[in-house]
Amino acid sequence: MPAPKPPLPLEDAKVLANDLLSTLPSASYPGFSRHATSPTVKLISAERLDKNGKEASPEDVQKSKFHGRMVFRMKAEQYMMNEIGSMHGGCVATLVDNLTSVAIYLHIADTEPTTPWAFLGVTSSLSVVYLAAVPLDSWFEVECSVLSIGSRIAVITADFWLLEGPEGGRVKKTAVGTHTKVDNSFANKL
Numbered sequence: 001m002p003a004p005k006p007p008l009p010l011e012d013a014k015v016l017a018n019d020l021l022s023t024l025p026s027a028s029y030p031g032f033s034r035h036a037t038s039p040t041v042k043l044i045s046a047e048r049l050d051k052n053g054k055e056a057s058p059e060d061v062q063k064s065k066f067h068g069r070m071v072f073r074m075k076a077e078q079y080m081m082n083e084i085g086s087m088h089g090g091c092v093a094t095l096v097d098n099l100t101s102v103a104i105y106l107h108i109a110d111t112e113p114t115t116p117w118a119f120l121g122v123t124s125s126l127s128v129v130y131l132a133a134v135p136l137d138s139w140f141e142v143e144c145s146v147l148s149i150g151s152r153i154a155v156i157t158a159d160f161w162l163l164e165g166p167e168g169g170r171v172k173k174t175a176v177g178t179h180t181k182v183d184n185s186f187a188n189k190l
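Residue numbering for the sequence shown follows UniProt numbering, starting at 1 and increasing by one per position.
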């Protein structure tokens, strides 16, 4: 059996992430996700980290001995709100689903249908703990960390942080999500 291919170069993973982020909030996106994603969403950082939280060495990346982390920033828009003026819990859960999936791009070798995780997987379980409200027009970050990714199962977390403004620092954590995914690429069907 041949050795697994190394993941895409970091810049290629960022391009794929940004392409998906630009599509999610568009009216032409065919699913529910567009109703929970702000057009202001931006990828702030993408990293591959070793077990000590430092930048992974090229050798570790080649051997897929790293975990990926992406940070996204966006504004809380009117259509994301509930009736009391804070971000709807369903919107938060949908963002956990979408953004943790994007973080998988840090781990894939290419986007061919026969490549593991090429379709970013499907949800097995998703949970969210809500800690504080995200008010209308506030800015927030979502930090997604790939805790584990194997040939069939991935576990990714999402930490939501309220910000001081569009370029401001973190004020407080507002939610914590955990997403378990199953690979649905053709690789697992052959």
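Even glycine gets a Cβ: it sits at the ideal position worked out from N, Cα and C.
* Asked: Which residues in the same chain as Met1 place their Cβ atom closer than 7 angstroms to its Cβ, once the five residues preceding and following it in sequence are excluded?
  -> In this prediction, Met1 scores a pLDDT of 47, lower than 50, which makes its location untrustworthy; the coordinate-derived value is nonetheless stated afterwards. Excluding sequence neighbours, Met1 sits near nothing in its chain.
* Following the continuous alpha helix (DSSP H) through Val92, name the residue where it begins and the one where it ends. => 89-103 is the span of the alpha helix (DSSP H), which, as asked, contains Val92.
* Asked: Does the count of Cβ pairs from the region 133-141 and the region 157-175 closer than 8 angstroms reach three?
  -> In this structure the region 133-141 touches the region 157-175; the number of beta carbon pairs closer than 8 angstroms is three or more.
* Which of helix, strand or coil does DSSP assign to Arg170? -> Assigned with DSSP and collapsed to three states, Arg170 falls in strand.
* Backbone secondary structure at Ser148 - three-state DSSP -> DSSP places Ser148 in strand when its eight states are reduced to three.
* Asked: Excluding the five sequence neighbours on either side, which residues of its own chain have a C-beta within less than 6 angstroms of the C-beta of Glu47, listed in chain order?
  -> The answer, listed in chain order, is Arg69.
* **Asp60 - containing alpha helix (DSSP H), residue span** => From DSSP, the alpha helix (DSSP H) with Asp60 extends over 58-62.
* **Which residues DSSP lists as bridging Gly68, in chain order** => In DSSP, Gly68 forms a bridge with Arg48.
* To do: Indicate whether Val92 and Val128 have their beta-carbon atoms separated by less than 7 angstroms.
  => It is a contact, given that the beta carbons lie within the stated cut-off.
* Asked: CB Leu24 to CB Ser33, shorter than 7 angstroms?
  -> Taking C-beta atoms as the reference points, Leu24 and Ser33 count as a pair closer than 7 angstroms.
* **Straight-line Cα distance separating Lys75 from Ala36** => Whole-angstrom Cα-Cα distance: 11 angstroms.
* Since Ala118 and Val146 are thought to touch, with beta carbons under 8 angstroms apart, how far apart are those beta carbons, to the nearest angstrom? -> That belief does not hold up - the Cβ atoms of Ala118 and Val146 are roughly 16 angstroms apart, past 8 angstroms.
* To do: For Cys13, I'd like the list of residues in its chain whose CB is within less than 6 angstroms of its CB, leaving aside the five on either flank, ordered along the chain.
  => First, the amino acid is wrong: residue 13 is Ala here, not Cys. The answer, listed in chain order, is Tyr105, Leu106.
* Asked: Could you give the distance in angstroms between the alpha-carbon of Asn184 and the alpha-carbon of Tyr130?
  -> When only Cα atoms are considered, Asn184 and Tyr130 end up about 29 angstroms apart.
* Asked: Pick from Leu126, Ser151, Thr157, Ala175: whose alpha carbon is nearest that of Lys5?
  -> The candidate whose alpha carbon is nearest that of Lys5 is Ser151.
* Under a Cβ-count criterion, where at least 16 other Cβ atoms within 10 Å of its own Cβ denotes burial, should Asn98 be classed as buried or exposed? -> Per the 10 Å Cβ criterion, buried.
* Val15, enclosing alpha helix (DSSP H) - first and last residue -> From DSSP, the alpha helix (DSSP H) with Val15 extends over 10-23.
* From Lys172, Ser124, Ser22, Leu120, residue whose alpha carbon lies closest to that of Glu143 -> Ranking Lys172, Ser124, Ser22, Leu120 by Cα distance to Glu143 puts Lys172 first.
* **Opposing strand residues paired with Arg73 [DSSP bridges]** => According to DSSP, which records beta bridges pairwise, Arg73 is partnered with Lys42, Glu141.
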